[in-house]
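J.: Have a look at this one before I ask anything.
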Amino acid sequence: MFFDKRYTQPSLLFYTAMLAILLGLSACSDDKDIAASESRIEPNNTQVKISNAAAKLDTASLEQTLYKKAFQFHGIVKGIHSYNETIFESGKIVQLDAKEGQTVKSGQFIAKLYSPILAEKLEQTYATLKKSKAELSLSQHTLARNKVLFEKKLIAQQLLDEAKRDNSIALQAKNEAQAMVAQAKNELADTVIKAKSDGIVAKIYKREGEFVSPGESVFRFESTHKQKVSFLIPETTAVAITLGEVYQISIPSTGKVLNAIVVEKALPTEDGIRQHNITFELASSMPELVGLRVILNYVGTSVLAYEVDYRAIRYSADNTPYIIKAADKLSHIPVAILAMNNSSILITANLAADTNILISNEVSLPVNLYQF
Amino acid sequence: MQQYHKFWFLQERLIFGLVIIISLVGLFTWFNINEQEDPFFPYRNGNVTIIAPGMSAKAIEDTIVQPFERLLATVDGIDRVSSESSDGTAIIEIELDETIYETEFYWQRIREKVSEAQSKYGHLVSKLSLDDRVQDTAGVVLTIETSKPLLEARHYALFVRDELYKLAAVRKIELIGDPGEQIDVLYSQASMLELGISPENIANQIADANSLRNIGVLKGQLYQSNISSLTRIDNIEKLKAVEITTADNKIVTLSDIAKVRKAPLTIEQTSFWLNGKKSIGLTLVVPPNTIRVTDFGDALITKIDALNQKQSDYVIKPVFFQPEWTERRRNDLALSLFYSSIGVGLVLFLLMSKKVAFVVTLTIPAIALSAIAIFGIYGGVLHQMSIAGLVISLGLMVDNSIVMSELISRYRQQGFSNIAASHKAIKELYRPLATSTFTTIAAFVPMLLSEGNVADFIRMIPVVVIIAIVISYLYSLALLPAITNNLAIFKEGGSSTRFNRLGEELAKLGTRHPKLVILLFIGLVVLSFMGSEQQGGEFFPKSSRNQAYIDIEGSFGLSLEASLQTTKQVEHLLKQNDNITNIISFVGNSGPSFYYNLNPAPHNPHVARVVFETSSNELIPGIVEQLNQTFAKQFTSTRVQAREIGQGPPIEAPIEIRVLGDNRKQLLAASEAIFSLVNNHHDTTDARRGYIVGKPTLGFEVNELNLQNAQIKRSELSNMISWRTTGINVTEVPQERESTPVVLRENQDINHVDSNYIMNTVVMNHQGQTFPLSLFAQQRFTGEVPRLMRWKGFNSNVIKANVKLGVDAASVIENLLPKLNKITEQYQVTLALGGEAEETSNSNDALLKTLPIGAILLFSALILQFNSFRISGLIMLTIPLAMIGVKPTLAIVGVNFGFMSILGLLALTGIVVNTAIILIDTVLVKIKEEKASLSTAIELATIERFRPVLLSACTTIVGMIPLTSPSSPLWPPMAWTIIGGLITSTVLTLIVLPACLTLTLDEKKIRGDKI
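Respectively, the protein sequence lines represent chains A and B.
Be aware that the first sequence starts at 1, since it is given in this note's numbering, and climbs by one per residue.
Be aware that the second sequence starts at 373, since it is given in this note's numbering, and climbs by one per residue.
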């Protein structure tokens, strides 16, 4: 049938066969060998060769710096002598000649109190003195008379002795009464308060017309010839501060920075918070600073540190931080984080200052983060 | 003369009336049916959001996430529970089984568990809530353009939000680029030291002033009236006037000692940029399947125009507008339908007589509109899948009409009267046409019955096709004869002679050289299966939108400002391309899911997404490729990847390998080994880890003794530190449209809060004593894992990667599997594959499960028609004939073999057997009724059926051609598959089947009804 002359010309069968073969062949394609390539990373615990892909990784340089652990403590400037003025006896303020914040000179009148008890007491002491004086006078006359009588052998020695004794007692009584008068006068004088030294009336607690109890503060006085400031500093920091050392304190309200010397360092209390009360004396007298808040910027020991980009810090599976040094190989460098600054992280590490470190995104980093 | 008046096809007025009514209903339905751009996936995905301020990722996972997983284990129907825990937050994703459609019941059970969890962990969390609508697509994104400050724009955005809620169709509106608003109470440390009041004290006093205590009612005999609460702050002025008692028992107002002002949230969470300008916007979600999105779009535009006209400071503009896309998609496909109809009509007119062609063409709109009517009546929704179903069925729906009209015209030509010809044709064809219709349906049944996301995506295709071809069958038996009955002349054209000659040649080829033909056929089949590897490429094609996006992922822990810098660099690059018309950036998040395929990522400051639009969607692939090349060079420390918008279920990455294990160290080791493997594979790109080993976190070692001695609680210490950073949340004050939190904080610029600043905090106790923080806490830096993930009860890590162009992800995975298995054995972990491999497997499984049903139906139809295993087998043999043409066709046109091609193959199965059915049936009739010999019967049947077979094939092919347009990447794979398969199957069936019939049939047995 294949040689039938109807089929000497290319027949439909021939064309169909050709078409079918062509169609079949056109669908052929080479098998693609999609075997995975061997890993280009040679696992090594700390170092990895950089492949072509890794060569496109992002790096940044380090910036060396000194990391100073700084603490801030807050205090208020006071006069070198700073005390609250009180009185012994209750009284009423009848005159107040100072204002808060007023600078006064030594001996300047500040306030007067009226104490009826003290006034009455003075009167009583005067009366007692008068009485004692009268009794002294009598005893003196009695002694003189007895001396004359004794000389005339009209009285016994005993009577003369008694008269001498009475005179002595009367004299002591008079002295005592005088002393009491002086005391009463002093107490009364205390109701007049004067500045003990140059200074500032920092705060007035009681005003004219107000009643003051014994021991109650009338005003606070800050002397002005020198200033001090005290800070409560935790034990761990205070141990490094010694007497005589000079530190800088800053005044937030004025922006000034001053020197201050450690003049006093109290021990912490047995119980409660372990803080030392450390007093600093300002190097130069600045009475205008009294009452202002200051900050002691205490800087601890400095360490050599590096500022790195946040993206550089990575953590291993055991929670230790490291960075990746990028040279001809990638190296794992352990670090310790000191602080997180506004724009960088401060670390310490065994590095040279010109080291380049990797800051590429961890999600596509071509290293084995478990083994690296 | 036979009594024909009983026959249904003579009830012409009834038939014409019904057809017209149904067609009109169809026309009405087309303009009123619910429509949307894409199919709706049932709500099988939900999220539980947990906010637990102050808890680390590990603490949240141990304390809340894992116990909650155990609670959820008691709920049936959950396929997957996965979680991602970070500092202070956790997101638990819940996915229901893909076979569940009545999802509300299951979500209700999950809600009960969430309530249970809320009562157990309420004291630890500030939020624990379920969102079972995470799949909602925010199809409309609006922006508010203004020169006003952002906070003012925000207020206006809230007003617009409330106005838009008045539109009934709106389900949800959210703000994007929302800077948030809070009332800052800025109270400095210096003020604290001067005044002696701690911030905690102030916070307590403010909170007390707003404690909203009920102070009873005023009641008389005849009236009752509430008394306004004394402890209520309802505006910022009242807040400023709150009285604060100082350390020396003086009373001052809050504004005397602190600055009170409205401000954005302390830490900016997210920002939104439109063409380089910072903006605020709104996203709108409308419920799926229940509205006509285009009408909603019109109503929305009207509303927006009205709002714009009312004031001049703000202009509301759409950025992404799904109604427009829906309309465009619908119109494009409708145009395809129209062109297909024209094409089919032309083919008919070319290959048939004018009258016959006219009659057949007339049935096309009738069938199409009727199909739409039935579809709409039963609640169908118009979207790209349902319209595509119409386009696909166009070529199929005319087949029955072609065969019927062909036979009627033949009988008319032979001298039968109009009614007799119709009757004879109907009698002869009703069974084979039913069989061919049923076999076509059987081919689509697997698609219809399969379950899962992919099946949900394409479900409307088989629905519409089945409706259309059933209607076409009915109309071929009723409408077509009714029309032809009224035509005086209805004959074949002159071209029939040429067809007959060609048919004769083909028939002779098969009958005279059957063995050679069969050998050739076997060879072709073997070649076609052996010769071609699967054309590589994605399983689901890309969308036809003129949009693409760029994902930006910096190092974990980077701030929003750092991400913004990268975003600006990317924007700068995009601006250099004149074809890019719009640039929309979302920083701190991946933006709204404005397209169903987009995967939203959790909010994180180190991520961003830039969406860009071009002048034409055809430019997208080229631009994306070019951008990725540029990004690879320019961005080496940040992951920047451009991607086209895809179709099908959302896939984060083509390759997704989840590593599961209980021991996190082993898990990490395994994950790293797998990452190396994937990263070094030459067909992968952009391999990336979905996990972080550790990032620096500032923590404190607390001196409890000192705290106790100072009479300060840990919570108070904690508050002091909060005060110096993001602030202490004090209370909430109602503003115009929302409650605004009041936050007490130090007036430090939040961008300068470093560790030294925190260590210089002064702590104050209730007695007014002050202490440095260093007395109670020493700083230490640890490497907390900032993000922990779990998957189905296991700790998990994930590795993702893309594949190079033209490479199939499944083949890469297959290639990696042996080494992956070794790693799992070594580290005692297990793997779960996601990405395209998972979706491919799911979609294939879904089809495979229902394929037997299709096969059973197909077999049943054939057996019922022919009652012969042999003939049924012969008919099924035509299926490989179709396969021969598929892969070469795809290779020639350069289209991937993916999921749509598989659908095309399934559709092809039902189409190609029709040729064989009609051919064999005609052979049997010739042998039985006309007593022809086998070879004569085969030749005559081939001659007779050649033209209708060719017509059917041509009309189907022409119907597919509009779908081959590259303007929509979704359809070409299916269309070319059908075209290629149909070409070869048609030609080869007419050659090979006669050969097979010659060798296998016995005419004596046929005549004796024993086949």
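Cβ coordinates follow ideal geometry from the N, Cα and C atoms, glycine included.
1) Quick one: complete beta strand (DSSP E) runs, 3+ long, within the segment 76-119 of chain A?
2) DSSP state of B/Glu384, grouped into three classes?
3) Can you grab the Cα-Cα spacing for the pair B/Glu1016 / B/Thr1327, in whole Å?
4) At a Cβ cut of 8 angstroms, what residues of the segment 61-77 of chain A count as close to chain B, listed as they run along the chain?
5) Give a yes or no on contact between the segment 921-937 of chain B and the segment 999-1013 of chain B, applying the rule of three or more CB pairs nearer than 8 angstroms.
6) Please classify A/Gln158 as buried or exposed, where buried requires at least 16 other C-beta atoms within 10 Å of its C-beta.
7) Scan the segment 1132-1145 of chain B for residues whose Cβ lies nearer than 8 angstroms to a Cβ of chain A and list them as they occur along the chain.
8) Tell me the residue span of the alpha helix (DSSP H) that contains B/Lys612.
9) Measure from the C-beta of B/Arg1011 to each C-beta in chain A and report whether the shortest distance is under 8 angstroms.
10) Hey, would you say B/Val1179 sits closer than 8 angstroms to B/Asp1293, going by beta carbons?
11) Just to confirm, are B/Ile956 and B/Gly1062 a CB contact at a threshold of 8 angstroms?
12) Where does B/Tyr595 sit, in a helix, a strand or coil, going by DSSP?
13) Would you mind giving the Cβ-Cβ distance between B/Ala613 and B/Thr625, rounded to the nearest angstrom? I have them listed as a contact below 8 angstroms.
14) Report back the beta-carbon spacing between A/Val263 and A/Thr279 to the nearest angstrom; my notes put them in contact at under 8 angstroms.
15) For A/Asn167 and A/Leu143, which I take to be in contact (beta-carbon distance under 8 angstroms), what is that distance rounded to the nearest angstrom?
16) Report the neighbours of B/Ala1059 on chain A: residues whose CB is nearer than 8 angstroms to its CB, in chain order.
17) DSSP on B/Trp402, reduced to helix/strand/coil?
18) Would you say B/Leu1070 lies against chain A (beta-carbon separation less than 8 angstroms)?
19) Could you check whether the Cβ of A/Ile273 sits closer than 8 angstroms to any Cβ belonging to chain B?
20) Would you please state the rounded distance, in angstroms, between the beta carbons of A/Gln95 and A/Glu187? I believe it to be under 8 angstroms.
21) Are the beta-carbon atoms belonging to B/Phe1148 and B/Asn1075 less than 8 angstroms from one another?
22) Answer with yes or no whether the minimum CB distance from A/Arg314 to chain B is below 8 angstroms.
23) Can you give me the start and stop residues for the beta strand (DSSP E) that B/Trp1396 sits inside?
24) Can you tell me whether B/His755 is buried or exposed? The criterion is at least 16 other CB atoms within 10 Å of its CB, across all chains shown.
25) Counting only Cβ pairs nearer than 8 angstroms, list the residues of chain B close to A/Ser230.
26) Provide the residue span of the alpha helix (DSSP H) that contains A/Glu222, from first to last.
27) Going by C-alpha distance, which of B/Ile1029, B/Pro521, B/Ala1045, B/Pro886 is nearest B/Glu1211?
28) Taking the alpha-carbon of B/Tyr528 as reference, which of B/Lys940, B/Ala738, B/Gln683 has the nearest alpha-carbon?
29) Distance, Cα to Cα, A/Phe219 vs B/Ala619?
30) Under three-state DSSP, which class holds A/Phe3?
31) Using DSSP with H/G/I as helix, E/B as strand and the rest coil, what is B/Met427?
32) If you draw a straight line from the alpha carbon of B/Ala743 to that of B/Thr735, how long is it in whole angstroms?
33) Based on Cα-Cα distance, which residue from A/Glu216, A/Thr103, A/Asn341, A/Leu304 lies nearest to A/Tyr310?
34) Starting from B/Asp534, follow the beta strand (DSSP E) in both directions and report where the run begins and ends.
35) Find out if the Cβ-Cβ distance for the pair B/Ile587, B/Leu565 is shorter than 8 angstroms.
36) Taking the alpha-carbon of B/Pro1158 as reference, which of A/Tyr315, A/Leu338, A/Val335 has the nearest alpha-carbon?
T.: Short version:
1) 82-86, 91-96, 102-104, 109-114
2) helix
3) 34 angstroms
4) Ala70, Phe71, Gln72, Phe73, His74
5) yes
6) exposed
7) Asn1132, Val1134, Thr1142, Phe1143, Pro1144
8) 608-612
9) yes
10) no
11) The answer is no: Cβ separation not under 8 angstroms.
12) coil
13) 5 angstroms
14) 5 angstroms
15) 5 angstroms
16) Those are Ser364, listed as they occur along chain A.
17) helix
18) B/Leu1070 counts as touching chain A.
19) yes
20) No, A/Gln95 and A/Glu187 are not in contact; Cβ-Cβ is about 18 angstroms, not under 8 angstroms.
21) yes
22) At least one C-beta of chain B is nearer than 8 angstroms to the C-beta of A/Arg314.
23) Within the shown structure, residues of chain B are numbered from 373 to 1383, placing residue 1396 of chain B beyond reach of any answer.
24) buried
25) Residues of chain B passing the Cβ test: none, with the nearest at roughly 13 angstroms.
26) Per DSSP, A/Glu222 belongs to no alpha helix (DSSP H); it is in the beta strand (DSSP E), 217-223.
27) B/Ile1029
28) B/Gln683
29) 19 angstroms
30) Summary for A/Phe3: the model assigns pLDDT 33, below 50, so the residue's position carries little reliability, and this model does not support an answer.
31) Reduced to three states, the DSSP call for B/Met427 is coil.
32) 12 angstroms
33) A/Asn341
34) Unbroken run through B/Asp534 is the alpha helix (DSSP H), 522-536; no beta strand (DSSP E).
35) no
36) A/Tyr315
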